[in-house]
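Before any comments, here is the structure.
2 protein chains.
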Amino acid sequence: MTTTTPREVRRAHAGPTAGLADGYAQANLIAVPRDWAYDVLLFAQRNPKPCPILDVTDEGSSGTVLADNADLMRDLPRYRVWEHGELRGEFTDAAPFWRDDLVAFLIGCSFTFESRLRAAGVPLRHVEQGRNVPMYVTTIPCRPAGRLHGPMVVSMRYVPAALVGTAWEVTARMPAVHGAPVHVGDPAELGIPDLDRPDFGDRTEPHDGDVPVFWACGVTPQAAVVASKPPFAITHAPGHMFVTDVPDTAYAL
Amino acid sequence: MTTTTPREVRRAHAGPTAGLADGYAQANLIAVPRDWAYDVLLFAQRNPKPCPILDVTDEGSSGTVLADNADLMRDLPRYRVWEHGELRGEFTDAAPFWRDDLVAFLIGCSFTFESRLRAAGVPLRHVEQGRNVPMYVTTIPCRPAGRLHGPMVVSMRYVPAALVGTAWEVTARMPAVHGAPVHVGDPAELGIPDLDRPDFGDRTEPHDGDVPVFWACGVTPQAAVVASKPPFAITHAPGHMFVTDVPDTAYAL
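See below:
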């Protein structure tokens, strides 16, 4: 467990954010031109498991109600810049790419419930192993919205079989950060061919008796960007989240 | 308690819908031109207590996933048509006014939790008295979104003091239909001068020992229409809801 503050992570941290700023909510980012903002917001409304909205900025603003004096174009550890559905590159500063017509969406992240999982006795293999959480593009289609469509992305945590019920209970109470798992046990049910080859993040090592548990993931809008090719988008790099000033308890029912 | 089906209410009913189609969710309606849809959706996202979204139609469609073969331009008992924030009139059929560029939003209605209140032993004075629920425009501002701003509207139910806790518990478990009360006891706290003069719906009679309990209300977008003057909107008339085919249990945590 770390004692890093959210502000310290926003200002100074460069890597994945799992396990940092313990007890504070973390968020996924997607910023699109105002002309595409309705499609993104409707996509989120229609797909609340992967895309629970925590805040939407006003056009041209990079501030958010989720953190004092934060700047969304600088305060994430790593960004991705997209043009017509193609990844142009990853950058530690999005300011050179930011545009006045961008609207930014902050979407709940499952890292938010990890301190509660740990408090309930559920081990976090990726944190223990110093890795980013593994994420996978599934074959489960999201409900389309306007010009946006694409598959659901999930994060996976290996959980000891006896603690799967606990993990379910803890996370079900936090729907704003993806809530209960979408699947337990069989990656093939989600169209995932090989758990050792995640689409994003790092492979993690199971312990004997661990079961893979899958949660809807806020990287889903990036899969929609790839599938739907909006002219421009800026997102976080998977696992490199915006750390908010909001206590995780604010998102627990 | 009535045994009317949702379809019967949609096809044949003309008055307020409280107490009808027991056990099924009811919804508020606001339809606006596509150009204003983002403002409405963002307003709802930023004000989830009064504006929990249950469905958003695709532009030009008057169907909804909430009911089979329903037609939103005909299946509500009473509509209001708005131009530049002015009420043009109330109509039992919105088809003559519907436009191809409209997007319709269905917003959770507190009538949905009434059968559960009754099952928990909480009397419903407006239903007992054969009246529409009373609704009031408060002085609580909603969080603005784009061009939309306005005050929160609330519905009020007189509840025996000993049952206020029960009413709170039952409704807190149903955030998609406004959830827990926003206030109990003092109408002045909400800027309501006189409970006997509701802004919408009917005055109800308290019994000795009743306390006024206020819930956020899906008429709030109509107050935003008045304040913000979009060029065109169609809404339900307060209390005259769209009755869905969705069981109320679908919205209970």
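Just so you know, the sequences run in chain order A and R.
Its first residue numbered -10, the first sequence is counted upward by one per residue in the numbering used here.
Its first residue numbered -10, the second sequence is counted upward by one per residue in the numbering used here.
C-beta atoms are modelled at their ideal positions from N, C-alpha and C, and glycine is treated no differently.
Alpha carbon of Met124 of chain A to alpha carbon of Asp188 of chain A, nearest angstrom: Mapped onto the first sequence, residue 124 of chain A falls at position 135. Mapped onto the first sequence, residue 188 of chain A falls at position 199. Met124 of chain A and Asp188 of chain A: Cα-Cα distance of roughly 6 Å.
Are the C-beta atoms of Ile129 of chain R and some chain A residue less than 8 Å apart? If you number the second sequence from 1, residue 129 of chain R lands on position 140. So, not an interface residue.
Using three-state DSSP, classify Phe86 of chain R as helix, strand or coil. Residue numbering aside, residue 86 of chain R sits at position 97 when the second sequence is read from its first letter. Of the three classes helix, strand and coil, the one that applies to Phe86 of chain R here is coil, per DSSP.
Answer yes or no: do Gln15 of chain R and Phe231 of chain R have a C-beta to C-beta separation smaller than 8 Å? As a first step, residue 15 of chain R must be located in the second sequence, where it is residue number 26. As a first step, residue 231 of chain R must be located in the second sequence, where it is residue number 242. Yes, they are a contact pair.
On the three-state DSSP scale, how would you describe His229 of chain A? The residue given as residue 229 of chain A occupies position 240 in the first sequence. DSSP places His229 of chain A in coil when its eight states are reduced to three.
Give me, in chain order, the residues of the same chain whose beta-carbon lies closer than 7 Å to that of Met(-10) of chain A; leave out the 5 immediate sequence neighbours on both sides. Numbered from its first residue, the first sequence carries residue -10 of chain A at position 1. Here the model assigns Met(-10) of chain A a pLDDT of 47, short of 50, so the residue's position is not dependable, and the following value carries that caveat. Asp11.
Cut-off 7 Å between Cβ atoms - residues of its own chain near Ala205 of chain A, not counting five sequence neighbours on either side: In the first sequence, the residue the question calls residue 205 of chain A occupies position 216. Same-chain partners within the cutoff: Lys38, Pro39, Met141, Val143, His167, Val171.
Enumerated in chain order, which unbroken segments of the alpha helix (DSSP H) with a length of 4 residues or greater are wholly contained in the region -5 to 80 of chain R? -5 to 1, 23 to 35
Chain-ordered neighbours of Tyr68 of chain A on chain R, where CB pairs are closer than 7 Å: In the first sequence, residue 68 of chain A corresponds to position 79, counting from 1. Near Tyr68 of chain A there are no residues of chain R at all, since even the closest Cβ is about 23 Å away, more than 7 Å.
Touch test, the region 119 to 139 of chain R against the region 65 to 81 of chain R, Cβ-Cβ under 8 Å, three pairs minimum: no
What separation, rounded to the nearest whole angstrom, lies between the Cα atoms of Ala20 of chain R and Phe100 of chain R? Within the second sequence, numbered from 1, the residue matching residue 20 of chain R stands at position 31. Within the second sequence, numbered from 1, the residue matching residue 100 of chain R stands at position 111. Computed Cα separation, rounded: 20 Å.
Beta-bridge partners of Arg162 of chain R, as assigned by DSSP: Position 173 of the second sequence, counting from 1, holds the residue named residue 162 of chain R. Answer by DSSP bridge pairing: none, since Arg162 of chain R is not bridged.
Relative to chain A, which residues along the region 41 to 68 of chain R have a C-beta separation below 7 Å, given in chain order? Ile42, Val45
Presumed contact (8 Å Cβ cut-off) between Trp122 of chain A and Gly4 of chain A, rounded CB distance: To locate residue 122 of chain A, count along the first sequence from 1; it is residue 133. To locate residue 4 of chain A, count along the first sequence from 1; it is residue 15. Residue identity check: residue 122 of chain A is Val in the sequence provided, not Trp. Not quite, the Cβ-Cβ distance comes to about 13 Å (not below 8 Å), so this is no contact.
Whether Ile42 of chain R touches Gly207 of chain R by CB criterion (8 Å): To locate residue 42 of chain R, count along the second sequence from 1; it is residue 53. To locate residue 207 of chain R, count along the second sequence from 1; it is residue 218. Going by C-beta atoms, Ile42 of chain R is not nearer than 8 Å to Gly207 of chain R.
Since Val214 of chain R is in the alpha helix (DSSP H), which residue starts that stretch and which ends it? For the purposes of this step, residue 214 of chain R is taken as residue 225 along the second sequence, with counting starting at 1. Where Val214 of chain R is concerned, the enclosing alpha helix (DSSP H) stretches over 209 to 217.
So, using beta-carbon positions, are Val202 of chain R and Arg120 of chain R closer together than 8 Å? As a working mapping, residue 202 of chain R is identified with position 213 in the second sequence. As a working mapping, residue 120 of chain R is identified with position 131 in the second sequence. No.
Under 7 Å, CB to CB, which of the residues in the region 27 to 40 of chain R have a partner in chain A? Tyr27, Leu30, Leu31, Gln34
8 Å Cβ cutoff, Tyr240 of chain R in contact with chain A: By one-based count along the second sequence, residue 240 of chain R stands at place 251. Taking Cβ atoms only, chain A never reaches closer than 8 Å to Tyr240 of chain R, which makes this a no.
Among A:Pro219, A:Leu55, A:Ala239, the one whose alpha carbon lies nearest that of His73 of chain A: For the purposes of this step, residue 73 of chain A is identified with residue 84 of the first sequence, where counting begins at 1. Among A:Pro219, A:Leu55, A:Ala239, the Cα nearest to that of His73 of chain A is on A:Pro219.
Let me know the secondary structure DSSP gives Leu95 of chain R once reduced to three states. Position 106 of the second sequence holds residue 95 of chain R. Of the three classes helix, strand and coil, the one that applies to Leu95 of chain R here is strand, per DSSP.
Nearest CA to the CA of Ser51 of chain R: which residue from R:Gly154, R:Leu18, R:Thr128, R:His115? To locate residue 51 of chain R, count along the second sequence from 1; it is residue 62. When only C-alpha atoms are compared, the closest one is R:Leu18.
Nearest-angstrom Cα separation, counted from Ser217 of chain A out to Gly180 of chain A: Numbered from 1 along the first sequence, position 191 holds the residue referred to as residue 180 of chain A. Numbered from 1 along the first sequence, position 228 holds the residue referred to as residue 217 of chain A. Their backbone Cα atoms lie some 20 Å apart in a straight line.
For Met(-10) of chain R, the three-state DSSP class (helix, strand or coil): Locating residue -10 of chain R in the second sequence gives position 1, where the first residue counts as 1. With a pLDDT of 47 at Met(-10) of chain R, under the threshold of 50, the modelled position of that residue is not reliable, and no figure is offered here.
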